[in-house]
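When you line the sequence shown up against the numbering used here, it's residues 1 to 144, in that order. For every residue, glycine included, the Cβ atom is placed at its ideal position computed from N, Cα and C.
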Amino acid sequence: VTYCIFCDILSGIASAKFVYRDDICSAFMDIHPVNPGHVLVVPHSHCALISELDETSVGHMFHVAQKVDVALRASGIKCEAINLFLADGRSAGQEVMHVHLHVIPRFHGDGHHLRFNPSYFKLPSSAELDKNAEMIRNQLGDIP
Ligand SMILES: [Zn+2]
């Protein structure tokens with residue numbers, strides 16, 4: 001097993017400033033906050049990708065993030081809006097390979113952006129949208 005800072009935090013070997021804990025997920029302060037109040041919601045089960053995580057943990061992670069979102073807005077911390085951000089894989093910007101959901105307070109003029117490079121955008125044809133939708137539908141099937 002490779003070293004995982006989040007597993008160390010969850011087991012108490014490393015310290016963190018917790019805002020919430022239950023049997024499935026914990027939430028603690030990001031030590032490199034994008035803005036003050038930046039919280040990470042982390043499922044206790046060690047998985048790198050959400051595809052590896054059990055459905056209960058995935059759902060609960062978002063449920064806890066919703067509660068953190070509500071708490072942040074009421075907390076007095078500067079927060080006009082919130083980004084929920086999950087990097088699922090290294091090429092998407094994931095640095096700690098243990099699933100985590102960022103809850104990031106945002107406000108006008110905070111100097112941050114979460115945007116994709118417009119110079120790489122290509123308007124897809126209707127046929128390409130159809131093809132890509134079909135490729136995804138073929139894998140999805142029914143969701144119970
Ligand atoms: Zn871990």
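Tell me whether residue i sits in a helix, a strand or coil according to DSSP, three-state version.
i    : result
A81  : strand
P118 : helix
L129 : helix
S75  : coil
D8   : helix
Q94  : coil
T2   : coil
I50  : helix
L123 : coil
Could you tell me which residues DSSP puts in a beta bridge with residue i?
i    : result
S26  : R21 and V42
P105 : I82
My assumption, with CB atoms under 8 Å, is that residue i sits in contact with residue j. Please give the rounded CB distance.
i    : j    : result
L10  : H44  : 6 Å
I104 : H38  : 5 Å
V68  : Y20  : 7 Å
K84  : A65  : In the sequence under discussion, the amino acid at residue 84 is Leu, which differs from the Lys named in the question. That belief holds up - the Cβ atoms of L84 and A65 are roughly 6 Å apart, short of 8 Å.
V174 : H100 : Shown here, the chain extends from 1 to 144; a query on residue 174 therefore has no answer.
P36  : K78  : 7 Å
Verify the contact flag: residue i, CB atom, against every heavy atom of ligand 1, threshold strictly below 7 Å.
i    : result
F18  : no
C25  : no
H98  : yes
C79  : no
H159 : In this structure the chain extends from 1 to 144, so residue 159 is not present and cannot be described.
F107 : no
F121 : no
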